[in-house]
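K.L.:
Numbering (the working numbering), first residue to last: 3 to 421. Note that beta-carbon positions come from the ideal geometry of N, C-alpha and C, so glycine has one too. Before I ask anything, here is the structure I am working with.
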């Protein structure tokens, strides 16, 4: 970099944010021959990636397209374009190029053989170093100066950098202690960039399960159930899987997969959900089994003996059905197949795995350049989209980083050396 007389430093391409989207953008840019500087507000890069990998890093999913694309719901068309550039198989090939072997679990989820993010991140940073990428930590982005230079807060005071192009990859607003605190949103809003408020995604919810059931079963998995959420437009979505009872309500993969629909229902003033506690058995079959003579057995003992109902699921049934109906086979069967639940609100955004909201997709072009700010591109969770866990979130973040970098290369073809 050259120190300018104005006190502003000059660089070639600035990538702001050292998460997966930013690092993928930096790699793609540097591999094309461009000079790249990465700016990260934390003392090290990739902190959220490392945290996500502590329990086994789920990189992507073997689900074929277009079924894979459908996991992004209303944004499937736009994100499908990103996946055309880097889909699940491409992510696996990229990892192999880093020397990271993967395996596919029984559910189709793809993991590194070592199950950790640290080896992957080390190999990735080694590659970036070999490509000449410079990483600057403890640099919080503050916006732009009047002459368009990037403003950074650093331990040594404010620093200004004039970039030929910029990729913003600052993450969403969850897990703020790891670097994603969403403080960039008002900066972009003030600059006239269309943004939407951040909301928790892949998060737990407050649910009107009785306090006694929540306390008794907190931390216990609720397996082999199905949830149906009806959106404000009347369209219903049903997913099967498992979730976890918490002191507040429910969380876990099944809830995460429906979090967008749950938010929409709650925001519309509804939040009512139907849970099928026994999706492998029909209502008629349940009623028939429960109609067997009870004899001297208790109602609870009869439930357990005839249909295997006990523990957590039995307590949920008791919460939903008046005691005088517990010995009514038809009512019990109907309630088991359509247990009413009321989702009240999501847990706080800082507890969420990811966030929705951010830079409106209509505010960027297909190359992810901000329409009102030429030369500034956006990637990753900063954009207004969300996806369930299972590898879909990380895949799209990586893909968006590559798309934004390719956008920079195309936009700057005649503007700076290396295009």
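Where does residue 34 sit, in a helix, a strand or coil, going by DSSP?
P.N.:
On the chain shown, residue 34 is found 32 positions in, with the first residue counted as 1. In the structure shown, residue 34 sits in coil (DSSP, three-state: anything other than H, G, I, E or B).
K.L.:
Is the distance from the Cβ of residue 15 to the Cβ of residue 410 below 8 Å?
P.N.:
Sequence index remark: in the chain shown, residue 15 carries index 13 (1-based). Sequence index remark: in the chain shown, residue 410 carries index 408 (1-based). Yes, they are a contact pair.
K.L.:
How about residue 230 and residue 276: do their beta carbons lie closer than 8 Å?
P.N.:
Start at 1 with the first residue of the chain shown, and residue 230 comes out as number 228. Start at 1 with the first residue of the chain shown, and residue 276 comes out as number 274. Against a cut-off of 8 Å, the Cβ pair of residue 276 and residue 230 comes out as a contact.
K.L.:
Quick one: what does DSSP say residue 160 is sitting in, helix, strand or coil?
P.N.:
Start at 1 with the first residue of the chain shown, and residue 160 comes out as number 158. Strand.
K.L.:
Just to confirm my understanding: we take residue 180, look at its own chain, exclude 5 residues before and 5 after, and list those with CB closer than 8 Å. What are they?
P.N.:
Sequence index remark: in the chain shown, residue 180 carries index 178 (1-based). Here the set comprises 44, 49, 50 and 53.
K.L.:
Note down the Cα distance separating residue 78 from residue 171, rounded to an integer number of angstroms.
P.N.:
Taking the chain shown and counting its residues from 1, one reaches residue 78 at position 76. Taking the chain shown and counting its residues from 1, one reaches residue 171 at position 169. Taking the straight line joining both Cα atoms gives about 20 Å.
K.L.:
Check whether the Cβ atoms of residue 17 and residue 169 sit closer than 8 Å, and answer yes or no.
P.N.:
In the chain shown, counting from the first residue as 1, residue 17 sits at position 15. In the chain shown, counting from the first residue as 1, residue 169 sits at position 167. Yes.
K.L.:
Quick check: the Cα distance between residue 358 and residue 128, rounded to an integer number of angstroms?
P.N.:
Translated into positions along the chain shown, residue 358 becomes position 356. Translated into positions along the chain shown, residue 128 becomes position 126. Roughly 32 Å separates the two Cα atoms.
K.L.:
Using 10 angstroms around the beta-carbon of residue 383, count the other beta-carbons present and answer buried if the total reaches 16, otherwise exposed.
P.N.:
As a first step, residue 383 must be located in the chain shown, where it is residue number 381. By the neighbour-count rule (16 or more Cβ atoms within 10 Å), residue 383 is buried.
K.L.:
Give me, in chain order, the residues of the same chain whose beta-carbon lies closer than 7 Å to that of residue 71; leave out the 5 immediate sequence neighbours on both sides.
P.N.:
Along the chain shown, one-based indexing puts residue 71 at 69. The beta carbon of residue 71 is closer than 7 Å to those of 78, 81, 82 and 85 in its chain, skipping five residues each way along the sequence.
K.L.:
Do residue 335 and residue 292 count as a contact pair if the criterion is CB distance below 8 Å?
P.N.:
The sequence position of residue 292 within the chain shown is 290, counting from 1. The sequence position of residue 335 within the chain shown is 333, counting from 1. Yes.
K.L.:
What residues match up with residue 41 in a beta bridge as DSSP calls it?
P.N.:
Position 39 of the chain shown holds residue 41. Paired residues: 18 and 138.
K.L.:
Of all the beta strand (DSSP E) runs that stay within the bounds of the region 205 to 255, which reach a length of 3 or more residues?
P.N.:
207 to 209, 223 to 232, 238 to 247 and 251 to 253
K.L.:
In the DSSP assignment, what are the bridge partners of residue 426?
P.N.:
No answer is possible for residue 426: it lies beyond the span of the chain, which begins at 3 and ends at 421.
K.L.:
By DSSP, does residue 150 sit in helix, in strand, or in coil?
P.N.:
As a first step, residue 150 must be located in the chain shown, where it is residue number 148. Three-state DSSP puts residue 150 in coil, outside helix and strand.
K.L.:
Assess, as a yes-or-no matter, whether the region 205 to 214 is touched by the region 182 to 192 under the definition of 3 or more beta carbon pairs within less than 8 Å.
P.N.:
no
K.L.:
Enumerate in chain order the residues of its own chain whose CB-to-CB distance from residue 148 is below 7 Å, with the five nearest sequence positions on each side excluded.
P.N.:
Here residue 148 is taken as the residue at index 146 of the chain shown, counted from 1. Short of 7 Å from the beta carbon of residue 148, and not among the five residues preceding or following it, lies no beta carbon of its own chain.
K.L.:
Going by beta carbon distance, what residues of the same chain come within less than 6 Å of residue 13, once the five residues before and after it are set aside?
P.N.:
As a first step, residue 13 must be located in the chain shown, where it is residue number 11. Excluding residues within five positions, the ones whose Cβ falls inside 6 Å are 3, 39, 163 and 165.
K.L.:
Give a yes or no on whether the C-beta atoms belonging to residue 340 and residue 261 are separated by under 8 Å.
P.N.:
For the purposes of this step, residue 340 is identified with residue 338 of the chain shown, where counting begins at 1. For the purposes of this step, residue 261 is identified with residue 259 of the chain shown, where counting begins at 1. Not closer than 8 Å, so no.
K.L.:
Determine the closest residue to residue 110 out of 254, 391, 116 and 363, with distance taken between C-alpha atoms.
P.N.:
Numbered from its first residue, the chain shown carries residue 110 at position 108. Residue 391 is the option with its Cα nearest to residue 110.
K.L.:
State the Cα-Cα distance for the pair residue 69 and residue 160, rounded to the nearest angstrom.
P.N.:
Here residue 69 is taken as the residue at index 67 of the chain shown, counted from 1. Here residue 160 is taken as the residue at index 158 of the chain shown, counted from 1. Spanning the two alpha carbons is a distance of roughly 47 Å.
K.L.:
With C-beta atoms as the reference, is residue 59 less than 8 Å away from residue 119?
P.N.:
Sequence index remark: in the chain shown, residue 59 carries index 57 (1-based). Sequence index remark: in the chain shown, residue 119 carries index 117 (1-based). The Cβ atoms of residue 59 and residue 119 sit closer than 8 Å to each other.
K.L.:
So, for residue 428: in the same chain, excluding its five sequence neighbours on each side, which residues have a beta-carbon less than 7 Å away from its beta-carbon?
P.N.:
Because residue 428 is not part of the residues shown, which for the chain are 3 to 421, the question remains open.
K.L.:
Could you work out which residue in 330, 219, 412 and 102 is closest to residue 124 when comparing CA atoms only?
P.N.:
For the purposes of this step, residue 124 is taken as residue 122 along the chain shown, with counting starting at 1. The shortest Cα separation from residue 124 among 330, 219, 412 and 102 belongs to 102.
K.L.:
So, is residue 286 buried or exposed, given that buried needs 16 or more other C-beta atoms within 10 angstroms?
P.N.:
Numbered from its first residue, the chain shown carries residue 286 at position 284. Residue 286 counts as exposed, since fewer than 16 other C-beta atoms from the protein chains shown sit within 10 angstroms of its C-beta.
K.L.:
Could you give the C-beta distance for residue 30 and residue 393, rounded to a whole number, given that I count them as a contact under 8 Å?
P.N.:
In the chain shown, counting from the first residue as 1, residue 30 sits at position 28. In the chain shown, counting from the first residue as 1, residue 393 sits at position 391. Going by Cβ atoms, the distance from residue 30 to residue 393 rounds to 20 Å, so no, they are not a contact pair.
K.L.:
Distance check for residue 142 and residue 158, CA to CA, integer angstroms please.
P.N.:
For this step, residue 158 is matched to residue 156 along the chain shown. For this step, residue 142 is matched to residue 140 along the chain shown. Their backbone Cα atoms lie some 12 Å apart in a straight line.
K.L.:
How far does the alpha helix (DSSP H) with residue 91 in it extend, from its first residue to its last?
P.N.:
Position 89 of the chain shown holds residue 91. Run containing residue 91: 90 to 99, per the alpha helix (DSSP H) assignment.
K.L.:
Using a Cβ-Cβ cut-off of 6 Å (strictly less than) and excluding sequence neighbours within five positions of residue 375, which residues of its own chain qualify?
P.N.:
Taking the first residue of the chain shown as 1, we reach residue 375 at position 373. Around residue 375: no qualifying Cβ.
K.L.:
Helix, strand or coil: how does DSSP classify residue 124 here?
P.N.:
Numbered from its first residue, the chain shown carries residue 124 at position 122. Helix.
K.L.:
How far does the beta strand (DSSP E) with residue 344 in it extend, from its first residue to its last?
P.N.:
By one-based count along the chain shown, residue 344 stands at place 342. Per DSSP, residue 344 belongs to the beta strand (DSSP E) from 341 to 348.
K.L.:
Are there 16 or more other CB atoms within 10 angstroms of the CB of residue 225, so buried, or fewer, so exposed?
P.N.:
What you label residue 225 is simply residue 223 of the chain shown in a count that begins at 1. Here residue 225 is exposed, its C-beta having fewer than 16 other C-beta atoms within 10 Å.
K.L.:
Near residue 322, what residues of its chain come up, given a Cβ to Cβ distance below 7 Å and the 5 sequence neighbours on each side ignored?
P.N.:
Reading the chain shown from its first residue, position 320 is the one you call residue 322. Result list for residue 322: 337, 341 and 342, in chain order.
K.L.:
Give the straight-line distance between the Cα atoms of residue 135 and residue 279, rounded to the nearest whole angstrom.
P.N.:
Taking the chain shown and counting its residues from 1, the one referred to as residue 135 is at position 133. Taking the chain shown and counting its residues from 1, the one referred to as residue 279 is at position 277. If you take the alpha carbons of residue 135 and residue 279, they lie about 52 Å apart.
K.L.:
Could you tell me how far apart the beta carbons of residue 257 and residue 361 are, in whole angstroms, since I believe they sit closer than 8 Å?
P.N.:
Taking the chain shown and counting its residues from 1, one reaches residue 257 at position 255. Taking the chain shown and counting its residues from 1, one reaches residue 361 at position 359. That pair is no contact at about 26 Å.
K.L.:
If we ignore side chains and look at the alpha-carbon of each, how far apart do residue 22 and residue 33 end up?
P.N.:
Within the chain shown, the letter at position 20 stands for residue 22. Within the chain shown, the letter at position 31 stands for residue 33. Spanning the two alpha carbons is a distance of roughly 16 Å.
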